[in-house]
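In what follows, a structure is listed as structure tokens, so that the remarks can point back to it.
Numbering (full-length UniProt numbering), first residue to last: 1 to 124.
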């Protein structure tokens, strides 16, 4: 049983500077990882997989097909401006995601420590 991609729509949204791609992945047996779906659609469309962001994957009980909505950005900076942070984190591997979150936590902790040190020095 091979997976087949059928394109339903490919809209170029000039205002938001992205392509909105709707497709059906046939014979996906109801569940397919986001990364694998992005790989299939990127291969079918001939676009860079890193710039293709999965927005939704919908399946129905008893139906082996999955309806997908993906956004393709030429520049990921536009995606960072428009989409919530969790959408971009979902596209990363677990190791990359953990690294980014740990870096952000360390920056917040350092800022908090600096603020508390400044508050202590003001009291004296």
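Backbone N, C-alpha and C fix where the C-beta goes; we use that ideal spot for every residue, glycine too.
Remember, predicted model here, so these are calculated numbers, not experimental data.
State buried or exposed for residue i, treating a residue as buried only when at least 16 other CB atoms are found within 10 Å of its CB.
i, result
"residue 66", "buried"
"residue 86", "exposed"
"residue 115", "exposed"
"residue 72", "buried"
"residue 38", "buried"
"residue 117", "exposed"
"residue 91", "buried"
Leaving out five residues on either side along the sequence, give the residues of the same chain with a beta carbon under 6 Å from the beta carbon of residue i.
i, result
"residue 11", "20"
"residue 26", "4, 65"
"residue 58", "67"
"residue 97", "89"
"residue 56", "69"
Quick check: the Cα distance between residue i and residue j, rounded to an integer number of angstroms?
i, j, result
"residue 119", "residue 22", "54 Å"
"residue 76", "residue 18", "10 Å"
"residue 101", "residue 110", "14 Å"
"residue 8", "residue 113", "53 Å"
"residue 40", "residue 13", "22 Å"
"residue 133", "residue 69", "Residue 133 lies beyond the range of the chain shown here (1 to 124); nothing can be said about it."
"residue 24", "residue 99", "33 Å"
"residue 84", "residue 15", "18 Å"
"residue 47", "residue 36", "14 Å"
"residue 34", "residue 43", "14 Å"
Got a sec? Which residues, its chain only, sit under 7 Å from residue i by beta carbon, not counting five neighbours each side?
i, result
"residue 29", "64"
"residue 82", "16"
For the ligand ADP, is there a heavy atom less than 6 Å away from the beta-carbon of residue i?
i, result
"residue 66", "Of ligands this structure carries none, so the ligand ADP is not represented either."
Contact between the segment 104-120 and the segment 50-59 (3+ Cβ pairs under 8 Å):
no
List, from N- to C-terminal side, the alpha helix (DSSP H) runs of 4 residues or more that fit wholly inside the segment 51-102.
76-82, 85-90
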